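Counting in the working numbering, the sequence shown runs from 74 upward without gaps. Ideal Cβ positions, reconstructed from N, Cα and C, are used throughout, including at glycine. Bear in mind the structure is a predicted one, so any value in this text is a computation, not a measurement.
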Amino acid sequence: MNEWKEGDAVLEIRNLTKRYKDFTLDHVNLTLPGGSILGLMGENGAGKSTTIKAVMGLIHPDEGEIRMFGETAGEDKPALKEYVGLVLEDLHLPDFFNARGIGRMMAGLYKRWDAPLYGRYLEQFSIAPGKRLKDYSRGMRMKLALAIALSHGARLLIMDEPTSGLDPMIREEALDILREFVMDETHSVLISSHIISDLEKTADYVAFLHQGRLKLSGEKDRILDEYRMVKGSREDIRALEAEGLFITEGIRENRFGAEALARFAAGAMQRSWGDTGCAADHSRIIVEPAGLEQILLYLAKEEGRGQCAGKGDDRN
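Structural data, given as structure tokens:
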């Protein structure tokens, strides 16, 4: 932490690779700036949890480097973990534990444990200190995990599917807490989730893993600005692509014509279509916004088609 300063990247993942018998996490590169939320997306088995386990030091990468707060993370840097809060899908604590006892236990594990702050979070989240975990709902378990992570001075929250199975109101409450947390520019969040709508509302940066490979990453708003759905005839879409206005990620035919996910060249959308999605010189093409889920589904399906077409591809 000595050389790290506000404004630097909180987390840097460089060429992270982990090989298993039937799966490879393949040279993943990610950067998480201070004061921001990075949403890690992908289908089950895409490599999200493998990435998080590597960041937390729970598995040893075959290649690559992970840096936290400017320092290389590893088993010989336990002090770094004082600044990292982990929120998993479940607490993984015995059912007879209660919040009061967990607080006492954490005070012995973390030098910067803040008991009064923990008490305030329990009150804010309506968690009874003496209630046993076996009587907690899924939402209460997630809130307790958040209270623990936020009460030992964590600057980086790492969350693996924390809102899975929760009702929308509790999910929204958790997302509000994350937004408040990163208002401090020295705080950041890495969150993996298959609930794309949550990340679209909350994340500043997104990364899409598919079959162990990073397919897309960057500022969420920039990605949503670059990618659009284009609709018209196949010939008209191909003609505009040939002009260099955009690059398509596959064209699909339907009974109304054709549509494609298009990545626009810098400034091409505004120059040619403005804010309306229509223009006189391109009147046969309609351009519409694309949501994150649409973008990810197109990218995943097009890769699948490419692999089927190229039988010589040796990727797993």
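Residue i beta carbon near the ligand FMN (any heavy atom closer than 8 angstroms)
i: Leu369; result: Within the structure as shown, the ligand FMN is missing, as the structure has no ligands at all.
Endpoints, alpha helix (DSSP H) assigned at residue i
i: Asp309; result: Arg307 to Ala315
i: Thr275; result: Ile269 to Thr275
i: Asp294; result: Lys293 to Glu299
i: Gly174; result: Ala172 to Leu182
i: Ile250; result: Pro241 to Phe254
Residue i, DSSP secondary structure in three states
i: Glu136; result: strand
i: Ile221; result: helix
i: Thr124; result: helix
i: Glu73; result: Since the first residue shown for the chain is 74 and the last is 389, residue 73 is missing from the structure and cannot be characterised.
i: Ala14; result: For residue 14 there is no data in the structure shown, the boundaries of the chain being 74 and 389.
i: Tyr194; result: helix
i: Pro202; result: coil
i: Glu162; result: coil
i: Tyr278; result: strand
Limits of the beta strand (DSSP E) - the one that residue i falls within
i: Asp99; result: Thr97 to Pro106
i: Met114; result: Ile110 to Met114
i: Ala91; result: This sequence places Lys at residue 91; Ala is not what is there. Residues Ala82 to Arg92.
Rounded Cβ spacing between residue i and residue j (contact assumed at less than 8 angstroms)
i: Leu223; j: Phe254; result: 7 angstroms
i: Ala251; j: Met141; result: Going by the sequence as given, residue 251 is Leu instead of Ala. Not a contact, Cβ separation roughly 18 angstroms.
i: Leu195; j: Ala220; result: 6 angstroms
i: Ile358; j: Leu313; result: 6 angstroms
i: Leu239; j: Gly212; result: 5 angstroms
Neighbour flag for residue i against chain C, beta carbons, 9 angstroms
i: Asp81; result: You won't find chain C in this structure, because it holds only one protein chain.
Whether residue i touches residue j by CB criterion (9 angstroms)
i: Leu159; j: Tyr278; result: no
i: Phe319; j: Arg336; result: yes
i: Lys293; j: Glu273; result: yes
i: Ala280; j: Leu113; result: yes
i: His260; j: Ala227; result: yes
Evaluate contact between the segment 124 to 144 and the segment 299 to 319, counting only Cβ atoms and requiring at least three cross-stretch pairs below 8 angstroms. no
Three-pair Cβ contact test at 8 angstroms for the segment 359 to 375 versus the segment 287 to 304: yes
Do the segment 261 to 275 and the segment 228 to 238 meet, that is, are 3 or more Cβ pairs less than 8 angstroms apart? yes
Any contact of the segment 118 to 125 with the segment 167 to 179, i.e. 3+ C-beta pairs under 8 angstroms? no
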